[in-house]
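Okay, so here's the structure we're looking at.
Residue numbers (the working numbering), protein chains in the order written: chain Y, 1 to 237; chain E, 1001 to 1196.
The structure is reproduced here in structure tokens:
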């Protein structure tokens, strides 16, 4: 009898104490975490569609489930350009990768933002790494200033076209000077040692875009025929 | 053993990674950059010290045959506290360390110290033991991280070291971790052999 009673009591007491402690920590961090999640998706939207005014959140249903997207617009060179943003999800090397993707009416990516990843630290997790343009010597001597806030991996998707296939090449870590050769070829350079992550992001973007293209009418603003229903996919081409 | 020795033994004589050989998995995984290594050290040391305190406190009422579930409950509680706190106040660290924060639960150093030390010693000695072991873990992790980050990424704390130099990418990948740790262990054993 003693063999059961005491261990049960001790374990129950300890579990109760642990539960109490965790409940306390959870309740004090819950609001901070929830607020941050909200802030994060707002921020991601601003990164995906820089300068755009977000109009509304819409959704549609297809055989893969519900799909949410945002519509937006911006005034560029005197005319209104429409923009769209969606969240793409795919399996990376070790978990789900969630990316906010913003593109305009010409199907050109305006920006992407990785919202969630659980890739290997130092490899795939570098998809959120912000490359400092300062050297360690600058840092030690106090010459290092403020850095960019955008991860380089996300930056290389800007200006790529969604109507063509996006290719992944292994040219090492991206830098500003690679833009001229990569963008015309519609290519992104994979993170060194994390081609799987790079491919997963690319694939999730392409798959989600295909779903959106099949279900949402996305016409350049000036070519919308008044009161007429057209199939967006062909109309744009 | 004096109290000071309880603290310093973790750094060299009983260094958890280099001498005892436990906690190798997180060591290899998060030593890719110095900032990861430092945050990991902080998180693991916090869990180690807290669990040492609590294990030492309950050692009198812990029935021997269920001690492991009790230790794990204690360790897991503190790991979740660390996880929630990091998620709320250091989200960038949380996303950089990813799965390795929850995996502190199964870090052998923490369970090892609970079993070997805290369950047999007083609270104060257990705190010192935890701090010393955490420091030993942190120093080894940092040494590995400095070697791997400088050679493997040409960076230190995220800042580029030499502009235009192509880093040896393999060093930040898993093989680099094994090579580096292997070489360090070889060096340590040479030093130890000379001492005898």
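Glycine included, C-beta positions come from ideal geometry on N, C-alpha and C. Being a predicted model, the structure only gives us computed values, none of them experimental.
Residue i to residue j, Cα distance in whole Å?
| i | j | result |
| --- | --- | --- |
| residue 13/Y | residue 1048/E | 21 Å |
| residue 1016/E | residue 1033/E | 20 Å |
| residue 44/Y | residue 114/Y | 8 Å |
| residue 104/Y | residue 215/Y | 16 Å |
| residue 1181/E | residue 1143/E | 10 Å |
| residue 1026/E | residue 1080/E | 17 Å |
| residue 1120/E | residue 1192/E | 28 Å |
| residue 1146/E | residue 1183/E | 14 Å |
| residue 1113/E | residue 1077/E | 16 Å |
| residue 95/Y | residue 34/Y | 21 Å |
| residue 48/Y | residue 102/Y | 4 Å |
| residue 1176/E | residue 193/Y | 12 Å |
Taking C-beta pairs closer than 9 Å, name the residues in chain E that residue i reaches, listed in chain order.
| i | result |
| --- | --- |
| residue 139/Y | 1156, 1157, 1158 and 1159 |
| residue 42/Y | Result: empty, since nearest Cβ-Cβ is about 14 Å, beyond 9 Å. |
Taking Cβ to Cβ, would you say residue i is nearer than 8 Å to residue j?
| i | j | result |
| --- | --- | --- |
| residue 198/Y | residue 168/Y | yes |
| residue 1128/E | residue 1006/E | yes |
| residue 1197/E | residue 1188/E | The requested residue 1197/E is not part of the displayed model; chain E covers only 1001 to 1196. |
| residue 100/Y | residue 109/Y | no |
| residue 151/Y | residue 166/Y | no |
| residue 1021/E | residue 1137/E | no |
| residue 188/Y | residue 157/Y | yes |
Could you name the residues of the same chain whose beta carbon sits closer than 8 Å to that of residue i, not counting the 5 residues immediately before and after it, in chain order?
| i | result |
| --- | --- |
| residue 1094/E | 1083, 1086, 1087 and 1101 |
| residue 224/Y | Residue placement at residue 224/Y cannot be trusted, given a pLDDT of 47 that sits under 50; what the coordinates show is reported in the next sentence. Nothing listed; no residue qualifies. |
| residue 1185/E | 1018 |
At a cut-off of 7 Å, would you count residue i as near the ligand SAM, judging by its Cβ distance to the nearest heavy atom?
| i | result |
| --- | --- |
| residue 24/Y | Inclusion of the ligand SAM in the displayed structure is not the case, the ligand content being empty and no account of it being possible. |
Grab me the residues of residue i's own chain with a C-beta within less than 6 Å of its C-beta, minus the 5 sequence neighbours each way, in chain order.
| i | result |
| --- | --- |
| residue 268/Y | With chain Y covering only 1 through 237, there is no way to say anything about residue 268/Y. |
| residue 1194/E | none |
Cutting at 7 Å between CB atoms, please list the residues of its own chain near residue i, excluding the five before and the five after it.
| i | result |
| --- | --- |
| residue 1053/E | 1123, 1126 and 1127 |
| residue 1172/E | 1032, 1148, 1152 and 1153 |
| residue 234/Y | Summary for residue 234/Y: the model assigns pLDDT 45, below 50, so the residue's position carries little reliability; its value from the coordinates is reported in the next sentence. Excluding residues within five positions, none has a Cβ falling inside 7 Å. |
| residue 1097/E | 1030, 1036, 1039 and 1040 |
Give the interface partners of residue i over in chain A, defined as CB-CB distance under 8 Å, in chain order.
| i | result |
| --- | --- |
| residue 1088/E | Of the protein chains in this structure, namely Y and E, none is chain A. |
Cβ closer than 9 Å: which chain Y residues qualify as neighbours of residue i?
| i | result |
| --- | --- |
| residue 1098/E | 94, 95, 117, 118, 119, 120, 121 and 125 |
Taking Cβ-Cβ distances shorter than 7 Å, what residues in chain E pair up with residue i?
| i | result |
| --- | --- |
| residue 192/Y | 1169 |
| residue 151/Y | The premise fails here: residue 151/Y is roughly 11 Å from chain E at the closest Cβ pair, so nothing lies under 7 Å. |
| residue 156/Y | Correct list: empty, because the minimum Cβ distance to chain E is about 18 Å. |
| residue 254/Y | This structure does not reach residue 254/Y, given that chain Y is present from 1 up to 237, and the question cannot be answered. |
| residue 6/Y | 1063 |
Which residues in chain E have a C-beta closer than 8 Å to the C-beta of residue i? List them in chain order.
| i | result |
| --- | --- |
| residue 49/Y | Under the 8 Å cutoff, chain E gives no residues; its nearest Cβ is about 22 Å from residue 49/Y. |
| residue 14/Y | 1058, 1070, 1073 and 1074 |
| residue 21/Y | 1077 and 1081 |
Do the region 1142-1154 of chain E and the region 1164-1173 of chain E meet, that is, are 3 or more Cβ pairs less than 8 Å apart? By the criterion of at least three beta-carbon pairs nearer than 8 Å, the region 1142-1154 of chain E is in contact with the region 1164-1173 of chain E.
Touching or not, the region 173-181 of chain Y and the region 58-72 of chain Y, by the rule of three or more beta carbon pairs under 8 Å? Look at the beta carbons and you see the region 173-181 of chain Y not touching the region 58-72 of chain Y: under three pairs across the two are nearer than 8 Å.
Are there three or more Cβ pairs, one per stretch, closer than 8 Å when the region 47-54 of chain Y is compared with the region 67-82 of chain Y? The region 47-54 of chain Y makes contact with the region 67-82 of chain Y; the number of CB pairs closer than 8 Å reaches 3 or more.
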